[in-house]
Every structure is written in C-alpha cells, then in structure tokens.
Amino acid sequence: MWFLRGLYLLNSLSSATWGRYGTLYYLDKGLSKAEIGLIEGLMPMVGVFAQSAWAVVADARHARKGVYLLTSSLGTCVLLLLGVEAVVGRSFARILCVSLGSKAFACGGILDAYAFEVVGSQAPKLYGRLRLWGSLGWGCGGLAMGAINDAYGFGPNFLIYGACNALRIALVGACVKPAAAEDTKKPIRADLIAVLRSPALLAFLGEILIFGTAVGVVERLIFVYVVDNLDGDSLLCGLVVFVSSTCNIPVFHNAGVLLEKFGPENLLLLAQFCYFTRVVGYTLLTPETKYFILGLETLHGCTFAMLWIAAVERARHLAPDGWAATLQSLLQTVYYSFGPGLGALLGGYLWHLKNARFMYRSFALAVFLHFAIRAAAAAAPITYCRNTLLQRQRRRRCPPSQQDDDDDDDDDERLYVALTDDETPDDDLDTTT
C-alpha cells in the first residue's frame, strides 16, 4: 500500500509542476489568450486518442507495466523540450507541436487499474485513501511551485518535473513485477465491445463529459484569470492549488462511507451544485477581494473528489474481466482530456468574445441547468407516489357514493409504500421505482 501511495504522490507532484502553471509558461512566452486557449484545448484532444489506444494495448497484450514505463518515459522527455530555449524559442508553432507531442504518451488509467487490482474487493473504501495522496502531492507541489516561480522563474519547474518522473519510473521498473501487475486471464474482446455499446456506459460518459467540459474552464484558465483579472501572482496561484487539493483529502479518506450513505447519484448532484456556487463566486471577485478565491476553492472537495469517487466506482463495476485499465483510461480520457479540451476551446472563445466573467457565468448556468434537470428527474417518482397516496386518503374521507372505483388505486398505494418503506433496501427501492 505504501508503494502505491508513493506512486500517486510522485505522479501528482510532477503534474503540479506543469498542470495549471503551463498557462503561466505560455504567458511568459508572449502567447495571446486565443493561442493559449488553442493549446490548452488541443492538448487534451490528443490525449483522447492516445490514452485510449495505449490502455487497449496494455490490456490486450498483458503489458500494463511495459506500456506504463514506455509512455511515462517518452512523455516526460517530450515535455522537457519546452524548457530548451533552442528548441522552442518564442515560436507559437514550435510550442504547440511540443505540447501536443507530450500528450501523445498519456496513459493515466493504468495506475488506477493496478490500484484496483491490489486492493481487490476493498476498492470502494481503500481507493479513496490511496487517491488522497495524489491530492496531497498536487496541493503541496502547487504551493511550492508558486513560491519557486516568484523567486526563480519557470526554469525549476522542468527540473522538478523531470526528477519526480524519473524516480517514479525507476520505482515502477524495479518494484512492480509483471506477474503482479498484469492479468493472467486473456480478456474477451466481445465483452468490451458489448460494454462500450451499452446505454448505461454511454449515459454515464455523457454526464462525465458535461462536467469535465465545465471543470476544464477552471483547470485550464483559472491562473490566467487570477494573474490578468485579479492582479494576482504565482504565490496566490499556488495557494489556490494547495487549498483546493487539501480539501479533497477528507472526502477521499471517507469515500467508502460517502458512497454507502449517499450513493453515486446524490454525490454527483452535490458536485454540480458546488461547482455552480464556486464559479459564480469567481465572477464576483475584484483585485481588492482576490484572496477570497481561497474560500471558494474549499468547494473543490465537493466539486471534484465526490464526483471522482462515484465515477471510478461506476467504471469499476462496468468494466468486463481483463479490461479494467481500458475502462479507467476511458473515464480519464473523457474527464481529463476530451472534456477539459472542449471546455478550454469554448472558454477561450467566450473570453475572447466578451470577457472572463461572461465565460464563467455561462458555464455556471449550463451546469446549474443540468443539476436542475437531474434533481427533478430524481424527485419525480417520489412526488408522483406521494400525490397518489393523498388522493387515496381523500377518497377514503368521502362518502361511498362520491368515491371513484379506480382499479389502479391499490397498485399506486403499494408502489408508494414500496418507495417510502424505511426497511426496504436501496437496491429494492431503485428496482421498484
């Protein structure tokens, strides 16, 4: 378990050195907002195809360890080229090509698949306690890089990024045995195709795409907003990352309890409402009140962590035997690549069209409408049955001559009782509904 915690920690530390700070690097290179939006939009799109392809190869060839080492090594080497002035200079075309090339080796779902394999049936409880180390590394790394950037510029980012990834790759190469990290049972391709065509998976990925698009506006453009609109500095950007990430830790630690008590659907509703509150709050800030953004970032624990524990658990249950890495990579592709890429493109366009506040309010409204629709759909069956019982009670109070002989009354009453019986298990309740 400590080995997995170390992998999540190192992975997030290396990501924190680039991640949101990439936009500051592009600003330092003199790129415009439209050019930054284009890069931040296209990079995840490349990851959409690359991450899915690498995951399929890893599962189909029983080569998770080999694929993980290959993609991590090549991706690190390509991204480090951005730190070589002779290679990229201040050329938008060169920076774009190298940035896109680094995403051609994205394959993050393999680590989650390996973690699920190790924890086994305890995944709902233990996965969150592993994943919180990723949030810890992201938060501490983001805070440290903010202070380092203000003092020494962007150069140290590349050094720390390379060092963390080199250590992570060395640990995987030395400590992970192929027999422990790879499935011995040959996966059946027809099972994967059947799941990919299932309405349950398509609906699930559709919701993740909507939320990933909205979150992409925060993840990809918030630093530009802090620096340009709120007159913030790199240290404030680091504090934003630190606060938002550390607020994920208690949610991840109690993932099993939250899933058991509230269920994935209610966690997703709460995440959507918190996103709306958080992003609308961004638009109310001014340079004089810029530090209030740290209070808004405390909602990140609900916005991201609750969504993520529900999403990975759903993907774990949907994955057929032998295709765990593929399903986890597909989830990460939609949430971390396709969604944020689309969000960055749309966000950059809306920012260029009007301003940052208009952009954030537009996405907040879209998420709130989705929240309202989902909440109404969830409440509709209970409301219907409650009204049915009230009608039944009114008929009982009326004289027999005024009562309607409705053959459906008994069925409606039984339906309401089934839905409202406190002793009915959740699974039975969902089936009855």
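When the letters of the sequence shown are read in order and numbered with mature numbering (1 follows the signal peptide of the UniProt record, and there is no 0), they come out as residues -19 to -1, 1 to 414.
Glycine included, every Cβ here is placed at the ideal spot set by N, Cα and C.
Query	Result
Taking the Cβ atom as the reference point for each residue, do glycine 47 and leucine 152 lie within a distance shorter than 8 angstroms?	no
List the endpoints of the continuous alpha helix (DSSP H) containing isoleucine 230.	229 to 234
Which term fits alanine 286, buried or exposed, when burial requires 16 or more other beta carbons within 10 angstroms of its beta carbon?	buried
Using 10 angstroms around the beta-carbon of glycine 89, count the other beta-carbons present and answer buried if the total reaches 16, otherwise exposed.	buried
By the 10 Å Cβ neighbour count, where 16 or more other Cβ atoms means buried, how is serine -5 classified, buried or exposed?	buried
So glutamate 294 and leucine 240 are in contact, right, with Cβ under 8 angstroms, and what is the actual spacing, rounded?	6 angstroms
Just the Cα atoms here: how many angstroms apart are aspartate 164 and valine 99?	A caution first: aspartate 164 carries a pLDDT of 46, below 50, which makes its placement in the model unreliable, though a value can still be read off. For aspartate 164 and valine 99, the distance between alpha carbons rounds to 12 angstroms.
Assign tyrosine -12 to one of three DSSP states: helix, strand, or coil.	helix
Under 8 angstroms, with one C-beta from each stretch per pair, do the region 82 to 97 and the region 300 to 310 reach the 3-pair mark?	yes
What's the C-alpha gap between alanine 144 and glycine 282?	29 angstroms
Count the other CB atoms, across all protein chains shown, that sit within 10 Å of the CB of histidine 351; report buried if there are 16 or more and exposed otherwise.	buried
Tell me the DSSP secondary structure of arginine 71 in three-state form.	coil
Glycine 123 and glycine 219 look like a contact to me (Cβ under 8 angstroms); what is the Cβ gap, rounded to whole Å?	5 angstroms
If leucine 288 sits next to leucine 111, beta carbons under 8 angstroms apart, how far is it from one beta carbon to the other, in whole angstroms?	So it is not a contact: roughly 17 angstroms between Cβ atoms.
Taking C-alpha atoms, which residue in Gly213, Ala67, Gly56 lies nearest to alanine 128?	Gly213
Taking buried to mean at least 16 other C-beta atoms within 10 Å of its own C-beta, is leucine 334 buried or exposed?	exposed
By Cβ distance below 8 angstroms, which residues in the same chain neighbour threonine 4 in space, the five residues on each side in sequence not counted?	Ile17, Glu21, Arg201, Leu202, Phe204, Val205
Near proline 231, what residues of its chain come up, given a Cβ to Cβ distance below 8 angstroms and the 5 sequence neighbours on each side ignored?	Gly282
How is the alpha helix (DSSP H) around tyrosine 330 delimited, first residue to last?	320 to 334
If you compare alpha carbons, which of Ser179, Ala85, Gly11, Asn210 is closest to serine 54?	Ala85
Taking only three categories from DSSP, how would you classify proline 301?	coil
Would you kindly report the start and end of the unbroken alpha helix (DSSP H) that includes methionine -19?	Neither: methionine -19 is in no alpha helix (DSSP H) and is coded neither H nor E.
By Cβ distance below 7 angstroms, which residues in the same chain neighbour alanine 160 in space, the five residues on each side in sequence not counted?	Any answer about alanine 160 is weak, because its pLDDT of 47 lies below 50 and its placement is not dependable; what the coordinates show is given next. Excluding residues within five positions, none has a Cβ falling inside 7 angstroms.
Which whole-angstrom value describes the C-beta separation of arginine 342 and threonine 264, a residue pair presumed to lie in contact below a C-beta threshold of 8 angstroms?	5 angstroms
DSSP state of threonine 267, grouped into three classes?	coil
Alpha helix (DSSP H) containing glutamate 169: first to last residue?	According to the sequence provided, residue 169 is isoleucine. The question's glutamate does not apply to it. Isoleucine 169 -> no alpha helix (DSSP H), and no H or E assigned at all.
Residues in the same chain with beta-carbon distance under 6 angstroms from leucine 190, minus the five sequence neighbours each way, listed in chain order, please.	Val315, Gly320
Which same chain residues end up closer than 8 angstroms to aspartate 386 when comparing Cβ atoms and leaving out the 5 residues on each side of it in sequence?	Per-residue confidence for aspartate 386 stands at a pLDDT of 49, beneath the threshold of 50, marking its modelled position as unreliable; no derived number is given.
Helix or strand or just coil, what does DSSP make of aspartate 387?	Because aspartate 387 sits at a pLDDT of 48, beneath the cut-off of 50, its placement in the model cannot be relied upon, and the point is left open.
Excluding the 5 residues preceding and the 5 following glycine -1 in the sequence, name in chain order all residues of the same chain whose CB lies nearer than 6 angstroms to its CB.	none
Within a Cβ cutoff of 6 angstroms, which residues of the same chain sit near threonine 227, ignoring the five residues on either side of it in sequence?	Gly120
Say whether the region 35 to 52 touches the region 64 to 71, bearing in mind that this needs 3 or more beta-carbon pairs closer than 8 angstroms, one atom from each stretch.	no
Look at the Cβ atom of leucine 182, then the Cβ atom of valine 176, and state whether they are nearer than 8 angstroms.	yes
Please confirm if tyrosine 263 has its CB atom under 8 angstroms from at least one CB of chain D.	Within the model displayed, chain D is absent; a lone protein chain is all it includes.
Cutting at 8 angstroms between CB atoms, please list the residues of its own chain near aspartate 389, excluding the five before and the five after it.	Reliability fails at aspartate 389, whose pLDDT of 49 lies under 50, so the model's placement of it is uncertain and the value that follows must be treated cautiously. Excluding residues within five positions, none has a Cβ falling inside 8 angstroms.
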